[in-house]
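Below is one structure, written out as structure tokens; comments come after it.
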Amino acid sequence: MSDALFPVPEDWAGSAKIDRETYEQKYRRSIEDPEGFWREEAQRIDWIAPFDTVKDTSFDRDDFHISWFTGGKLNICANALDRHLDTRGDQVAILWEPDDPSSPDRKLTYRELHAEVCRFANALKANGVSKGDRVTIYLPMVPEAAIAMLACARIGAVHSVVFAGFSPDALAGRIEDCQSTIVVTADEGLRGGKTIPLKANVDAACEKAHVDTVIVLEHTGANVPMVDGRDVSWADTVAGQSADCEPEVMDAEDPLFILYTSGSTGKPKGVLHTTGGYAVWTSMTHEYVFDYRPGQVYWCAADVGWVTGHSYVVYAPFMNGATQVMFEGVPNFPDHSRFWQVVDKYAVEIFYAAPTALRALMREGDEYVTQTSRKSLRLLGSVGEPINPEAWDWYHRVVGERRCPIVDTWWQTETGGAMITPLPGATDLKPGSASKPMFGVKPAVLDPEKGTVLEGATSGALVITDSWPGQMRTVYGDHQRFFDTYFSQYPGYYFTGDGCRRDEDGYYWITGRIDDVINVSGHRMGTAEVESALVEHHLVAEAAVVGMPHDIKGQGIYAYVTTNAGTEDSEELRMELVQWVRKEIGPIATPDVLQFAPGLPKTRSGKIMRRILRKIAENDMSNLGDTSTLADPGVVDDLVANRPQT
Ligand code: 6R9
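In full-length UniProt numbering, the protein residues as written are 1 to 646.
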């Protein structure tokens, strides 16, 4: 299966913007002459004032700095909206599909979207927001999420979108970290027929974090209590606001947004992206990866709470003049056919989703797919985690009826946009491989222990050797942490945290995280975050969390918990702890397995041997390795003997 090769289909080879030769030639140029390459690519943006320098970057400790298009002035919101008004003002920008197919859908043209964004931008100003202020956005997948983000960008405010599935505590932590005093939310969210109490969550978060203003969108119409002097309804605050709002002149390196993501240690990091490089990078990758032409119907099924929803729902598609589907719901509601019904309803040509959704649908059988037409589909995309060859094959054969190439795009919150990915008219596909680097990306594979560069067909730690325009610029409020997290382990390189294999054809195969990050349904979870939530419970003495293989989610969460002396490790407590984590962080952090551990395997210096815990979680007892360095080898026998059946 993994040896299979799917050559570029003939119709694509002849018509795509980037064919095989163009890829080779452009890639070479981007590496040999980055200045020239990026100077030309930057012309896709309307600059208010031209930049002086294209690239001014160094990953070296003594001279560490990253600046792109220095001196250039622009506004990314104007690039996403204003510049289309003359040419495609009446083209639909957003085709909004509600959770419940029997509820009314909504369409917004570029002209309408522009007006809404301006009104909300003026409303933000009226609520005291100015350039550089942080605005927390906690909204479901409704057009207002994109409107709020673009409105921030228009006035130079820095948005921090928090996924609407996160708990009040997680929300409060993110509000506090970036000291944002305004939160934009909705009365409730709707997903798969269930309501999510967003306003109530914000109220709870406001008990922990200092917030002056909460703007509340009336979405389901639920009657939510409003706090006098703090809460204001979206409708009221935009009422009477002008549909004109001059875009703020932003420096290329002015912050655009903060997005919190999990790392291997400590609290989630506020990944900060700036304006100019991000605009060039996301718009370029979107155009080439999806061979995108203005007006084609495009659907990226990611939530705006994740980076994919930032780059490939809100920013790049609008910059590129897209008509896009924005979907509030889930793939299996009202039934497992929903994705494909929506594809047919809007004649979607390009569809981009995560492997976890595909695996869940695959399990339900082909009929849910084959009962729909999908004849409009031309190109399929995958993002968020490695796509196993089986799911790739199903996506290709059943969903795309063998006619649609699959672009398996590897990238990260930190990279802003697609880094290693096939281009549909240029790359022969190998199921499970993200294939070749995007223009300007110089990957290398290092020996994980020695840090030496490995050549040819090999495997090891994936690093990037030079800067690209869409790279994150700092961890909000902690520049040292930015350097330490990504540039200290392998000096001179950006370390991705991923392992990979490179084959004899130079194709990259991402094998998953090699740090303490687990990828649950394409969402990043730091094991440390789940551990710290567990030990906050008054009966828990210690916890260790590892990933375990999971058929649908890719990885599941396996928690080992040592309770305080005298505590009875009952089934009730087990369930209580699982619910506790769910409440502390959010449903995506719910442990799949929670095993009580009278002791954890530790070295004599007290370091938890996660390698052993991973093996037990994987149910691979034959391979526990050397346990002789453990302080008490007996704990391993106990864990093995009492491992719950999964
Ligand atoms: C865009 C996004 C990043 C991590 C990344 C890697 C995994 C993403 C992948 C993939 C294999 C792909 N990942 N895309 N692994 N193939 N096509 O998902 O960002 O949420 O920050 O996650 O996801 O492990 O390091 P983010």
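Here a beta-carbon is modelled for each residue, glycine too, at the ideal position from N, C-alpha and C.
Checklist line | Presumed contact (8 Å Cβ cut-off) between I137 and H159, rounded CB distance | finding: Rounded, the Cβ-Cβ distance is 5 Å, consistent with contact.
Cβ pair W392, D408 closer than 9 Å: yes
Task: Whole beta strand (DSSP E) elements within the UniProt domain "AMP-binding enzyme C-terminal" (529-607), 3-residue minimum - done: Restricting attention to beta strand (DSSP E) runs no shorter than 3 residues, the UniProt domain "AMP-binding enzyme C-terminal" (529-607) encloses them at 540-550, 554-563 and 593-596, ordered along the chain.
Straight-line Cα distance separating G266 from P437:
31 Å
Using the three-state DSSP reduction, which class does I464 fall into: helix, strand or coil?
Strand at I464.
| message | At the level of alpha carbons, what is the spacing between G229 and V343? | response | 44 Å
**Asked** Quick one: does the C-beta of P386 sit closer than 8 Å to a heavy atom of ligand 1?
**Response** For ligand 1, a non-hydrogen atom lies closer than 8 Å to the CB of P386.
- Could you please give me the residues that DSSP links to P437 through a beta bridge? I420
Count the other C-beta atoms from every protein chain shown that fall within 10 angstroms of the C-beta of E568, then say buried if there are 16 or more, exposed otherwise. Flag for E568 reads exposed.
message = For A444, tell me which candidate among K430, G492 and S433 has the shortest Cα-Cα distance.
response = G492
Specify the secondary structure class of P448 as computed by DSSP and reduced to three states. coil
Outcome for L5 when other beta-carbon atoms lying within 10 angstroms are tallied against a minimum of 16: exposed
- Query: Using the C-alpha atoms, what's the distance from E246 back to A93?
  - Reply: 21 Å
**Euclidean distance between Cα positions of P98 and A316** = Whole-angstrom Cα-Cα distance: 23 Å.
Indicate the three-state DSSP secondary structure (helix, strand or coil) for T285 in the structure shown.
-> The answer is helix: DSSP assigns T285 an H, G or I state.
Checklist entry - Whole beta strand (DSSP E) runs in the segment 68-101 with 3 or more residues, listed along the chain? => result 92-97
query = Is the beta carbon of V211 less than 9 Å from the beta carbon of S180?
reply = Yes, they are a contact pair.
Margin query: Let me check you understand the geometry: is the CB of T220 closer than 8 Å to at least one non-hydrogen atom of ligand 1?
Written below: no
Checklist line | Range covered by the beta strand (DSSP E) that runs through H273 | finding: K269 to T274
Between the segment 257-271 and the segment 503-521, do at least 3 Cβ pairs fall closer than 8 Å? yes
message = Buried or exposed, going by whether 16 or more other CB atoms sit within 10 Å of the CB of P143?
response = buried
Buried or exposed: L85, going by 16 or more other Cβ atoms within 10 Å of its Cβ?
exposed
(message) Please state the DSSP three-state secondary structure of N519.
(response) strand
Taking the straight line between their C-alpha atoms, what separation do you get for P7 and G425?
10 Å
Nearest neighbour of E584, chosen from V535, R481 and I196 [CA to CA] | V535
- In the DSSP assignment, what residue or residues form a beta bridge with R524? N519
Nearest candidate by alpha-carbon position, reference residue 648, set D503, L639, A354 and I387
The chain is shown only over 1 to 646; residue 648 falls outside these bounds and no answer can be derived.
Any contact between the segment 400-417 and the segment 459-470? By contact I mean 3 or more CB pairs, one from each, below 8 Å. The segment 459-470 and the segment 400-417 touch, with three or more beta-carbon pairs separated by less than 8 Å.
Q) Is any heavy atom of ligand 1 found at a distance shorter than 8 Å from the C-beta of R524? A) yes
Check your understanding: Is the closest heavy atom of ligand 1 to the C-beta of Q489 under 8 Å?
Key -> no
Can you tell me whether R513 sits near ligand 1, meaning its C-beta is under 8 Å from at least one heavy atom of the ligand?
yes
- Hey, would you say the C-beta of V161 is under 8 Å away from at least one heavy atom of ligand 1? no
(request) Return the first residue and the last residue of the beta strand (DSSP E) that S373 is part of. (result) S373 -> no beta strand (DSSP E), and no H or E assigned at all.
Using a Cβ distance threshold of 8 Å, determine whether the segment 376-393 contacts the segment 332-350, with at least three qualifying pairs required.
Counting C-beta pairs with one atom in each stretch, the segment 376-393 and the segment 332-350 have three or more that are closer than 8 Å, which means they touch.
- prompt: To which residues of the same chain is G72 closer than 7 Å at the C-beta, ignoring the five residues directly before and after it?
  reply: W47, A49, P50, F51, A252 and G276
Review point. Does DSSP classify residue 655 as helix, strand or coil?
Key: No information on residue 655 is available, as it lies outside the stretch 1 to 646 that the chain covers here.
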